[in-house]
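Trainee: Mind having a look at this structure? Questions to follow.
In the working numbering, the protein residues as written are -4 to 560.
Written as structure tokens, this is what we have:
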């Protein structure tokens, strides 16, 4: 698929000047006018939906009517959900001065404030029974400060606007609108968007689907590679930068890409004198808690874990990269083998992300014991599991580099009992794995009947230094919900950036979020989010339309389709 040609410097200056000229009017725009813009966006996205999915299939080499097509519809569902929830938030700000918090605000024994943000309503409860999401605020925030801290832009109404350059992600189609909509509607800044060259083909579709912003001068889209990005980052009319990508790109932006980069970073002296927020990936751990798993449990969880790897061809920040197990658990190898059996039944995918093949071969060269699944056809890579990586080798590539390709590693920790194992797994994830974006835990409900294990799980959720912690649910929900802030754990600095600085999504506009905590059932039914589901394309197309405008009468049909064999 052809990408738009890179823009000239004259075109770039014109784009930046265009949004610069409208930053004041965006700040002054009424809530009612913003709601009208979101209404227009909702209608316009529907006109490009089929083309959006077709473009994704072509660019990623996915077959029509496959689960891969369903993934592209799920990306659109995420965008629809964000637009709808932003609209609802603005209506509530217009009426009450702040977005409505749907659940209780509680305080943990240590004083940390927890805000229940999901389910939002009855439809959420019916569609995802047993799923709950909380936002933990930073220590020091008092319960009485939660509501007054919401919607800071709309409360404080700055006198002057700002221009933010958004350097869009190259992997998942939902991330690019997610970033610029957050900057516009939550932070109140106009946007120059430069898509990553990998998915710049989406640019013309974004221009059509979000023309309500483009035509009013609040969003401009430009094209090009690293040179264009470098020029825009240093443009005097660009006030801030937000990016989703790799830490290496971030370091090049902030410290420079020449031989002096290391010196500038060592001296904690950025070359770029502008605020930069970023989401930079993660070596995402999955902590599997040993317990009374039946053979059926093993098969169900293997389908889930394999699906988390396959999603978006393994090019996602939520992709599991290290499965942590208990060394003495009798079913450890059985689970690893079951994951492999599922992967062997899944078609390999085109390795469309640049550098994926080289990354894959670097990992399997370091670990020749890697188990491949599926044939490496032209442009494809096998799925792979690297078993039994030594957890004591802190320098292992599996623990220090995010494998942005179709493989995951497995490691095992010695422990005296399940509670001790959970504590050790948390320490390992915190101290041995690069990144702080998202971690997952899989635990059998019968295990929680042991008070020691239940207490260890509570400690794990509290002690994991990750921006999102997901229990028994696909990590991707942490992004999809939109009411859960998305970003690295707070506290990183430019010289040790890890998974980044700042958050997006956060449509309830909560101040000072620390982490999102999402819990779901061990065995959801039905579960259309697994790659063995044969009706993914049809289901997720309907699911996308449902997210655009949900109603109770649509729910039975969705459940019926999700339950099909």
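By construction, the Cβ of each residue, glycine as well, lies at the ideal position given by its N, Cα and C atoms.
In chain order, which continuous runs of the alpha helix (DSSP H) of length 4 or greater are located wholly inside the segment 124 to 162?
Mentor: With a minimum length of 4 residues, the continuous alpha helix (DSSP H) runs that stay inside the segment 124 to 162 are 141 to 144, 147 to 151.
Trainee: Out of 406, 155, 68, 17, point me to the one whose CA is closest to residue 388's CA.
Mentor: Translated into the one-based positions of the chain shown, residue 388 becomes position 393. If we check each option's Cα against that of residue 388, 406 comes out closest.
Trainee: For residue 424, which residues from the same chain have a beta carbon less than 6 Å from its beta carbon, with the 5 sequence-adjacent residues on both sides left out?
Mentor: The count along the chain shown starts at 1 and reaches residue 424 at position 429. Excluding residues within five positions, the ones whose Cβ falls inside 6 Å are 280, 434.
Trainee: Which word fits residue 222, buried or exposed, when buried means at least 16 other C-beta atoms lie within 10 angstroms of its C-beta?
Mentor: For the purposes of this step, residue 222 is taken as residue 227 along the chain shown, with counting starting at 1. Answer is exposed; the Cβ neighbour count stays below 16.
Trainee: By a C-beta neighbour count over all protein chains shown, 10 Å radius and 16 as the cutoff for buried, is residue 483 buried or exposed?
Mentor: Taking the first residue of the chain shown as position 1, residue 483 is located at position 488. Residue 483 should be labelled buried.
Trainee: Taking the alpha helix (DSSP H) that residue 562 falls in, what are its first and last residues?
Mentor: Any property of residue 562 remains undetermined from this structure, which presents the chain solely from -4 to 560.
Trainee: How many angstroms separate the CA atom of residue 608 from the CA atom of residue 230?
Mentor: Outside the modelled stretch of the chain, which goes from -4 to 560, sits residue 608, for which no answer is possible.
Trainee: Please determine, among 362, 369, 402, the residue with the shortest C-alpha to C-alpha distance to residue 391.
Mentor: Sequence index remark: in the chain shown, residue 391 carries index 396 (1-based). The option with the nearest alpha carbon to residue 391 is 362.
Trainee: What whole-angstrom Cβ distance do residue 400 and residue 355 have, given they're in contact under 8 Å?
Mentor: For this step, residue 400 is matched to residue 405 along the chain shown. For this step, residue 355 is matched to residue 360 along the chain shown. Yes, residue 400 and residue 355 are in contact; Cβ-Cβ is about 4 Å, under 8 Å.
Trainee: With DSSP as the reference, label residue 491 as helix, strand or coil.
Mentor: Taking the first residue of the chain shown as 1, we reach residue 491 at position 496. Three-state result, residue 491: strand.
Trainee: Please look up how many angstroms separate the CB atoms of residue 561 and residue 452, rounded, as I've assumed it's under 8 Å.
Mentor: What the structure shows of the chain is the stretch from -4 to 560, and residue 561 is not part of that stretch, so it cannot be assessed.
Trainee: What is the rounded straight-line gap between the Cα of residue 444 and the Cα of residue 414?
Mentor: Here residue 444 refers to the residue found at position 449 of the chain shown. Here residue 414 refers to the residue found at position 419 of the chain shown. About 12 Å.
Trainee: Per the contact definition of three or more C-beta pairs closer than 8 Å, is the segment 543 to 559 in contact with the segment 503 to 510?
Mentor: Cβ pair count under 8 Å is below three, so no.
Trainee: Would a C-beta distance cut-off of 9 Å place residue 336 and residue 305 closer than the cut-off?
Mentor: Taking the first residue of the chain shown as 1, we reach residue 336 at position 341. Taking the first residue of the chain shown as 1, we reach residue 305 at position 310. No, they are not a contact pair.
Trainee: Tell me whether residue 54 is buried or exposed, calling it buried when 16 or more other Cβ atoms sit within 10 Å of its Cβ.
Mentor: Taking the first residue of the chain shown as position 1, residue 54 is located at position 59. Residue 54 is buried by the Cβ-count criterion.
Trainee: Among the candidates 69, 23, 151, 319, whose CA atom is the shortest distance from the CA of residue 416?
Mentor: As a working note, residue 416 is residue 421 in the chain shown. The residue with the shortest Cα to Cα distance from residue 416 is 319.
Trainee: Along the chain, where does the beta strand (DSSP E) that runs through residue 47 open and close?
Mentor: Working through the chain shown from its first residue, we reach residue 47 at position 52. Looking at the DSSP string, residue 47 is not in any beta strand (DSSP E); the run it does join, the alpha helix (DSSP H), is 26 to 55.
Trainee: I believe residue 181 touches residue 236 by the beta-carbon criterion, under 8 Å. Please report the beta-carbon distance rounded to the nearest angstrom.
Mentor: In the chain shown, residue 181 corresponds to position 186, counting from 1. In the chain shown, residue 236 corresponds to position 241, counting from 1. With 8 Å as the limit, residue 181 and residue 236 do not qualify as a contact, their Cβ atoms being about 17 Å apart.
Trainee: Cα separation between residue 359 and residue 526?
Mentor: Residue mapping note: residue 359 aligns to position 364 of the chain shown, counting from 1. Residue mapping note: residue 526 aligns to position 531 of the chain shown, counting from 1. Approximately 24 Å between the Cα atoms of the pair.
Trainee: Spell out the partners DSSP gives residue 337 in its beta bridges.
Mentor: Taking the chain shown and counting its residues from 1, one reaches residue 337 at position 342. Note: residue 337 sits in no beta bridge, so no partner.
Trainee: Which residues mark the beginning and the end of the beta strand (DSSP E) in which residue 366 is found?
Mentor: Counting from one through the chain shown, the residue named residue 366 turns up at place 371. 366 to 368 is the span of the beta strand (DSSP E), which, as asked, contains residue 366.
Trainee: Between residue 455 and the rest of its own chain, which residues show a CB-CB distance below 6 Å, the 5 nearest in sequence each way excluded?
Mentor: Numbered from 1 along the chain shown, position 460 holds the residue referred to as residue 455. Cβ within range, chain order: 417, 421.
Trainee: Measure from the alpha carbon of residue 468 to the alpha carbon of each residue in 140, 519, 492, 159, then state which is nearest.
Mentor: The sequence position of residue 468 within the chain shown is 473, counting from 1. Comparing Cα-Cα distances from residue 468 to each of 140, 519, 492, 159, the minimum goes to 519.
Trainee: Exposed or buried, which one is residue -3 when buried takes at least 16 other CB atoms within 10 Å?
Mentor: Here residue -3 refers to the residue found at position 2 of the chain shown. Classification for residue -3: exposed.
Trainee: With 16 other CB atoms within 10 Å as the buried threshold, where does residue 23 fall?
Mentor: As a working mapping, residue 23 is identified with position 28 in the chain shown. Flag for residue 23 reads exposed.
Trainee: Using a Cβ-Cβ cutoff of less than 7 Å, which residues in the same chain neighbour residue 461 once the five nearest sequence positions on both sides are dropped?
Mentor: Along the chain shown, one-based indexing puts residue 461 at 466. Here the set comprises 431, 432, 433, 434, 484, 510.
Trainee: Tell whether a beta-carbon distance below 9 Å holds between residue 226 and residue 198.
Mentor: Locating residue 226 in the chain shown gives position 231, where the first residue counts as 1. Locating residue 198 in the chain shown gives position 203, where the first residue counts as 1. Result no, Cβ atoms of residue 226 and residue 198 do not sit closer than 9 Å.
Trainee: Any contact between the segment 188 to 196 and the segment 159 to 170? By contact I mean 3 or more CB pairs, one from each, below 8 Å.
Mentor: Flag = yes, the segment 188 to 196 and the segment 159 to 170 touch.
Trainee: Is residue 520 helix, strand or coil when you go by DSSP?
Mentor: Within the chain shown, the letter at position 525 stands for residue 520. The answer is coil: DSSP assigns residue 520 none of H, G, I, E or B.
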